[in-house]
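Chains as they are written, first to last, in this note's numbering: chain A, 311 to 508; chain B, 179 to 782.
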């Protein structure tokens, strides 16, 4: 269960007129304020811009936010941006989430401001609800053994093995047959150079 | 080959087999069985004295069986390592009384009949699969008479007949009378582009190989008449069209049509074919001294062994499946494993070398970093809740689970998990939790969307890589659709638990859509196969409860299919309008009852 005193911040992006053109941004900002746990809600012309990001960082520090919802474009576009943004002020990057109100709302319901605004509010609300259950996640790093196994000693396996070995890495090249060469070694000549295969 | 053999950084293990690969990216434990050659390869000078005295004569694989070798032999003159080996299946015996001639003859005393296989173990961070291909065996195509008529040969045999190191020392002869043929016919697409024998794909190399062969023939013997029977000539690579032109200019005749049958004149042993030339629409008869079947490329017979070692997948044509056909053509779906050459798809030498260097570069990215970030969004296992039913191990595309239902043990390697969430959707005991896409997180989203006017809304579950991206593409193109759908993102459609769908219906949703990648595009190998099975089961359940199954849709929409997303949303809106208030009420009632029944059952 989520903590009762969780502090969520909602940041709604106008994206110039990309979102604001079809969605009533102020209504979304005001509606967010009415939701439980939301202690801060604001809008910005471009949330992804430096000033937009600065606003998020400032609010995290001053309002002591635990979770951040950015209602803007697709997470496929700017999730890395906002993860980095919150991480820079010490928040776990998995505690920010993006509510997609551009690609999946303002851009596909142009000329239907009322319905687009209702939908944007729904999307924002769903993400605020989800934010209560967000947990910090660890991106674990593990060491990589500096060696490669190459299975097959034909032309492809040999080329890979040589490239890696020349770069200084240990290579284990395993070939089933008693000799290297694979199928190519049986060819009389190869195209396009028309020269010997071995 | 020599460079590989003497490179100080390459440990070359020939005559060897990978027995097992355990672990995950950065940390694979490899076990290799090095089969003995019975000849000490560090001492052997490849003088060949041993082979001279060996009394056993067997067909030579390297020469495609067109000549013979001894039981102790060097595979071919340029072989690496340059050392003899004994083919123990043909050798008369390890008992010196039986034979032992080679050991007697060897000056360096490097033959040891009692030598044993060795097992080597080592650790690697990355694996490159370069297991190659097999050549199609045309015996099953009886109409071509391969093996029945000796003068019908495959393109591989033809290579040996043309090679200076071949069974005829480079003199081009036909098998029956050892005379130089004056007319040679080539048949293309033997074992390629043929649905009948389950080889619908183009083998990529055979057109150019035949063009090369005709040029070699014409260079050596300008008087030879060569004709090529083809469906299309695919000379698409750099410099390829030029070679094709040269071949035609050299007098090689290209006839668009594939012979239905090859017949032999028993007297001359010449070969006759009837063919419809589809450019002139005429039936023609041709006679040749020799015919070459331009055989296609097939997946290796022993592919399943490697597939199992590394839990790889295959595409429908039988070659290994890459992580993504456009964006990750060199990577296997599991991190740290890469493909080079024909193991992934038929390729010529240039493309194999290109992919091999790409695979090396991909491997190097990890090796030079020296560390790898693991996926944070993975499943977690609560062993206290596990009942060892092994469902997770069955559905996990990456083999992250090993379950023994009898011994009641489960092992889970989280580093193998890529985060599709199929296991969490399938586990009936709640033992698996998908981080960042937990049940609570997704259900709370459904609740929020359906809090007001649920009858107006369509709940759409969309996978991150395809359908969600398809919705984004649709938006990017400003393709308009009705504003009633509410999208819920999961990483894979495999994550969409039955209970999410039922929950949405119980909350009054008139329509629910589960959408994911097209079958071959699934970013989690084949996790969406389980999505389909689950939805099919749900349709049955809905029907049983007298809820119209048409209210649950399963849609495959790719990242590029913005228009398809738009069309789907428009169609669904029409379906939504037809769902009646009574239907929704009935659904809520039935599902509430079912939930209570289930709860009561659990209490018992």
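For each residue, glycine too, the CB sits at the ideal point set by N, CA and C.
Note that this is a predicted model, so its numbers are computed, not measured.
Counting along the chain, residue 340/B sits inside the alpha helix (DSSP H) bounded by residues 333-340. Leaving aside the five residues that flank residue 197/B on each side, the residues in its chain whose CB is nearer than 8 Å to its CB run, in chain order, 209, 210, 211 and 297. For residue 747/B, the secondary structure class from DSSP, reduced to helix, strand or coil, is helix.
Residue 372/B carries a strand assignment under DSSP once its states are collapsed to helix, strand and coil. Taking 4 residues as the shortest admissible run, the stretch 548-623 of chain B contains the following complete alpha helix (DSSP H) segments, listed from N- to C-terminal end: 569-573 and 600-604. Listed along the chain, the chain A residues whose CB falls inside 7 Å of the CB of residue 304/B are 458. When C-beta atoms of the stretch 467-475 of chain A are compared with those of the stretch 526-540 of chain B, three or more pairs fall below 8 Å, so the two segments count as touching. The C-beta separation of residue 382/B from residue 333/B comes to about 14 Å, leaving the pair out of contact by the 8 Å criterion.
For residue 368/B, the closest C-alpha among the options 439/B, 489/B, 246/B and 575/B is that of 439/B. Taking 8 Å as the CB threshold, residue 329/A stays off the interface with chain B. The alpha carbon of residue 430/A has as its nearest neighbour, out of 314/A, 322/A, 370/A and 440/A, the alpha carbon of 322/A. Rounded to whole angstroms, the separation of the alpha carbons of residue 702/B and residue 688/B is 30 Å. Residues of chain A with a Cβ closer than 7 Å to the Cβ of residue 309/B are, in chain order, 461 and 462. Your pair residue 450/A and residue 394/B does not check out as a contact, with CB atoms roughly 56 Å apart and the cut at 8 Å. Around residue 616/B, the beta-carbon contacts reaching into chain A at under 7 Å are 443. For residue 727/B, DSSP records no beta bridge to any residue. In the DSSP assignment, residue 434/B forms a beta bridge with 408/B. At least one beta carbon of chain A lies nearer than 8 Å to the beta carbon of residue 658/B. Using a CB distance cut-off of 8 Å, residue 488/A counts as an interface residue toward chain B.
For the stretch 661-673 of chain B, residues whose beta-carbon sits nearer than 9 Å to a beta-carbon of chain A comprise 661, 662, 663, 664, 665, 666 and 667. Around the C-beta of residue 513/B, 16 or more other C-beta atoms lie within 10 Å, and the residue is accordingly described as buried.
Exposed is the label assigned to residue 697/B, since fewer than 16 other Cβ atoms lie within 10 Å of its Cβ. Below 8 Å, too few C-beta pairs join the stretch 384-395 of chain A and the stretch 475-495 of chain A to call them touching: fewer than three. Annotation for residue 496/B: 477 place their beta carbon closer than 6 Å to its own, counting only its chain and skipping 5 residues before and after.
Residue 659/B places its beta carbon 8 Å or farther from that of residue 741/B. Closest in alpha carbon position to residue 223/B, among 258/B, 706/B and 520/B, is 258/B. For the C-beta of residue 413/A, the chain B residues within less than 9 Å are, from N- to C-terminus, 649, 650, 651, 652, 653 and 654.
Across the stretch 368-392 of chain B, CB contacts with chain A closer than 8 Å involve 386, 387, 389 and 390, in sequence order along the chain. Contact check for residue 436/B against residue 413/B fails: the beta carbons are separated by 8 Å or more. Annotation: the continuous alpha helix (DSSP H) that includes residue 360/A extends over 360-372. Residue 548/B belongs to the set of residues whose beta carbon lies under 8 Å from a beta carbon in chain A. For residue 397/A, no chain B residue has a Cβ inside 8 Å of its Cβ, as the nearest lies near 12 Å away. Looking at the DSSP output, residue 246/B bridges to 237/B. Among the CB atoms of chain A, none fall inside 8 Å of the CB of residue 513/B. Under the Cβ criterion of 8 Å, residue 182/B is counted among the residues facing chain A. Residue 326/A sits away from residue 370/A, with the two beta carbons spaced by 8 Å or more.
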